[in-house]
Structure formats: structure tokens, C-alpha cells
Amino acid sequence: MPESKTLTHINQLLDIMEKLRDPNGGCPWDLEQNFDTIAPHTIEEAYEVAEAIAKGDMAELKDELGDLMFQVVFYAQMAKEAGDFDFNDVIEAISEKMIRRHPHVFGNKDIATAEAQTTAWEETKARERAEKQAASNQPPSALDGVAGNLPALTRAVKLQNRAGRVGFDWPSILPVFEKIEEEMAELRAEIDKNANEDRIAEEYGDLLFVIANLGRHLKLEPETVLRTANRKFTRRFQTVEQRLNARGKPIDQCSLEEMDEVWNEIRKEDKSQ
Numbered sequence: 007m008p009e010s011k012t013l014t015h016i017n018q019l020l021d022i023m024e025k026l027r028d029p030n031g032g033c034p035w036d037l038e039q040n041f042d043t044i045a046p047h048t049i050e051e052a053y054e055v056a057e058a059i060a061k062g063d064m065a066e067l068k069d070e071l072g073d074l075m076f077q078v079v080f081y082a083q084m085a086k087e088a089g090d091f092d093f094n095d096v097i098e099a100i101s102e103k104m105i106r107r108h109p110h111v112f113g114n115k116d117i118a119t120a121e122a123q124t125t126a127w128e129e130t131k132a133r134e135r136a137e138k139q140a141a142s143n144q145p146p147s148a149l150d151g152v153a154g155n156l157p158a159l160t161r162a163v164k165l166q167n168r169a170g171r172v173g174f175d176w177p178s179i180l181p182v183f184e185k186i187e188e189e190m191a192e193l194r195a196e197i198d199k200n201a202n203e204d205r206i207a208e209e210y211g212d213l214l215f216v217i218a219n220l221g222r223h224l225k226l227e228p229e230t231v232l233r234t235a236n237r238k239f240t241r242r243f244q245t246v247e248q249r250l251n252a253r254g255k256p257i258d259q260c261s262l263e264e265m266d267e268v269w270n271e272i273r274k275e276d277k278s279q
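Per this note's numbering, residue 7 is the first one in the sequence shown, and the count goes up by one each step.
In C-alpha cells, the structure reads:
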């Protein structure tokens with residue numbers, strides 16, 4: 007049977023990566039890389055995928071997905087060189103995992119709703135974590151498996167979700183608002199008494215953690231919501247710059263009152279739309 011077009015392209019990409027890592031004629035930069043140095047690039051590429059999705063730019067999304075896939079190929083090539091695994095092992099492992107975690111699709115288990123699937127998915131993952139924990143001879147925890155290098159807001163929500171599954175959670179959103187007010191008061195108290203930087207940072211961290219929990223109770227993803235707020239701020243600020251420049255006055259030569267005046271104009275225009 008002839009190779010499919012997709013398989014041909016995958017093999018071409020694997021060949022490209024192997025050539026880039028070839029000590030005889032490969033790319034000096036690629037040859038210098040290791041798992042630790044590539045990891046930050048992978049995180050960056052994942053965020054660029056998310057940004058393309060947020061903008062609804064399908065051409066950019068196609069490009070960014072290719073960049074993200076290349077990260078997987080890069081890791082697989084380095085692992086192959088070390089004799090640990092190769093790209094085919096990665097594909098085989100994820101295929102086996104997806105089949106195992108979807109018995110209602112690939113087996114005879116009956117799961118009728120998305121909510122039931124989420125519950126079944128988490129139960130399966132919990133069993134897998136328990137098996138790994140047993141093999142490591144470490145005491146189990148409901149927080150096992152929450153990666154330590156996730157973005158802080160994302161990790162906060164995941165930790166809270168895990169704790170919530172064993173009943174450590176507020177029953178409604180009202181206590182979350184009360185906790186936010188409490189944390190705000192504690193932060194202001196530390197600032198008012200000129201506490202050291204570590205104490206202020208600790209209280210500020212507590213406040214951010216509860217703010218993340220508020221998003222969780224609102225069924226909003228804090229990281230996604232904050233990225234949207236960042237984009238809104240960027241758009242508004244750049245509009246302020248443009249309007250002030252049109253008046254012949256660069257922003258760095260304006261007072262805060264002048265900048266605020268234009269900022270508030272833009273806010274009113276946004277609300278009217």
C-alpha cells in the first residue's frame with residue numbers, strides 16, 4: 007500500500023529534524039539544544055496557538071500548530087538519540103491512552119453525556135495517578151499530578167479543583183467574596199504598617215489565589231480571561247497613543263490627566279458598542 011500524503015509529510019518532518027541534529031552538517035543551534043533549553047520554547051508556542059485561536063486567525067493557527075508540532079518532533083529526536091524512545095513510541099503511547107480513557111467509544115461502556123464523560127475521565131486519571139504513586143512508594147495526595155511548572159493562575163485553579171473533589175471547597179460563591187475582602191484587608195494592613203517585602207508578597211499571593219478561585223466558581227478560566235483583558239488594555243492604550251499623536255503631542259509628553267481623558271473617551275465608546 008502506498009504511503010498516505012499525511013504519513014509522507016510526517017516522515018519528511020522527522021527527516022528534517024534528524025538532519026538538523028546531525029553532527030555532520032546539521033544546524034549548530036539545534037545541536038546545542040537539550041530538553042531543558044527547548045521547554046521554554048514549547049510553552050511559548052502553546053501560548054501562540056492560544057493567541058491565534060483567540061484572534062480567530064485560521065492561517066496563523068495553522069502556522070502556530072506546525073511550530074507546536076515541531077516541538078514534539080524535536081523532543082522525540084533527542085530522546086531517540088539518547089536511546090529512550092522515538093516519535094513512533096510517542097504516537098503509540100497517546101493512542102493507547104486515548105483508547106483506554108474512552109471506553110464508551112472504543113469499548114462497551116455506556117456514557118451518555120459530556121458531564122458523565124468528564125467524571126469518568128477524572129476517575130480514570132485518578133486510578134492512573136494512584137498506580138504511579140504506589141510504584142513510587144510515596145503517600146498519595148489529592149493534589150498528585152498537578153504539574154508544578156504550569157502558569158500560576160492555571161495551577162491555582164487545578165489545585166483548587168482537586169481539593170474540591172474531596173470536599174475542600176466553599177459551597178457557594180458568597181464565601182469567596184468574603185474571603186477576597188478578608189485577604190484585601192490583610193494586604194492593606196501589611197502595607198499600612200510598612201511590612202517587609204516578603205510579608206506583602208505573601209498577602210498579595212493569597213489574594214491572587216482567592217481571585218483565581220472566584221473565576222473557578224464563576225466557571226471562568228482566569229488565564230483566558232486575563233489574556234482577554236491584556237488584549238483590551240493593549241488596544242485601548244495604543245489608541246490613546248494614536249489619538250495623542252494626532253494632536254501633535256506624544257504620550258510621553260502628556261500629563262496623566264490628559265492620558266486619562268482620552269482613555270475615558272475610549273472606554274465610553276466601547277461601552278456604547
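Glycine included, each C-beta is placed from N, C-alpha and C at the ideal position.
Check whether the Cβ atoms of residue i and residue j sit closer than 8 Å, and answer yes or no.
i: L250; j: P256; result: yes
i: H110; j: I100; result: no
i: T48; j: Q77; result: yes
i: L220; j: V182; result: yes
i: N66; j: A58; result: The amino acid occupying residue 66 in the given sequence is Glu; Asn does not appear at that position. Yes, Cβ-Cβ distance for E66 and A58 is below 8 Å.
i: L71; j: V96; result: no
i: D160; j: E229; result: What sits at residue 160 in the sequence shown is Thr, not Asp. Against a cut-off of 8 Å, the Cβ pair of E229 and T160 comes out as a contact.
i: P145; j: A136; result: no
i: A60; j: R233; result: yes
Tell me which residues share the same chain as residue i and place their Cβ nearer than 8 Å to its Cβ, disregarding the 5 neighbours each side in the sequence.
i: L165; result: L149 and V152
i: K11; result: none
i: V246; result: I257, M265, V268, W269 and I272
i: P29; result: L37
Can you list, in chain order, the residues of its chain with a C-beta nearer than 7 Å to that of residue i? Leave out the 5 residues immediately preceding and following it.
i: K93; result: Inspection of the sequence shows that residue 93 is occupied by Phe rather than by Lys. Correct list, in chain order: L20, V79 and A82.
i: M23; result: V79, F80 and Q83
i: C260; result: L250
i: L26; result: G32, C33 and D36
i: K115; result: P109
i: A280; result: As shown, the chain starts at 7 and ends at 279. That puts residue 280 outside it, with no answer to give.
i: N202; result: none
i: I16; result: none
Specify, as a first and last residue, the run of the alpha helix (DSSP H) that residue i falls within.
i: I206; result: E203 to H223
i: K238; result: P228 to A252
i: P46; result: F41 to K61
i: I257; result: Here I257 belongs to no alpha helix (DSSP H), and DSSP marks it neither H nor E.
i: K185; result: L180 to D198
i: D95; result: F93 to R107
i: Q18; result: K11 to L26
i: W35; result: P34 to E38
i: A148; result: Looking at the DSSP string, A148 is not in any alpha helix (DSSP H), and its letter there is neither H nor E.
i: Q77; result: M64 to A88
i: G170; result: A158 to R171
For residue i, collect the residues of the same chain with a Cβ closer than 6 Å to its Cβ; drop the 5 residues on either side in sequence, then sort them by chain order.
i: M75; result: none
i: R222; result: V163 and Q166
i: M7; result: At M7, the pLDDT of 45 sits below 50, so the modelled position is not reliable; the number obtained from the coordinates is stated separately. Closer than 6 Å at Cβ, skipping near neighbours: no residue.
i: Q123; result: I117
i: A85; result: F91
Is it true that the region 209-223 meets the region 37-51, where meeting means three or more beta-carbon pairs spaced less than 8 Å apart?
The answer is no - the region 37-51 does not touch the region 209-223, with fewer than three Cβ pairs under 8 Å.
How about the region 115-132 and the region 185-195: do they share at least three Cβ pairs that are nearer than 8 Å?
Result no; under three Cβ-Cβ pairs closer than 8 Å.
Check whether the region 189-205 touches the region 169-179, taking contact to mean three or more Cβ pairs, one atom from each stretch, closer than 8 Å.
Counting C-beta pairs with one atom in each stretch, the region 189-205 and the region 169-179 have fewer than three that are closer than 8 Å, which means they do not touch.
Between the region 236-253 and the region 199-210, do at least 3 Cβ pairs fall closer than 8 Å?
No, because fewer than three Cβ pairs between the region 236-253 and the region 199-210 fall closer than 8 Å, the two stretches do not touch.
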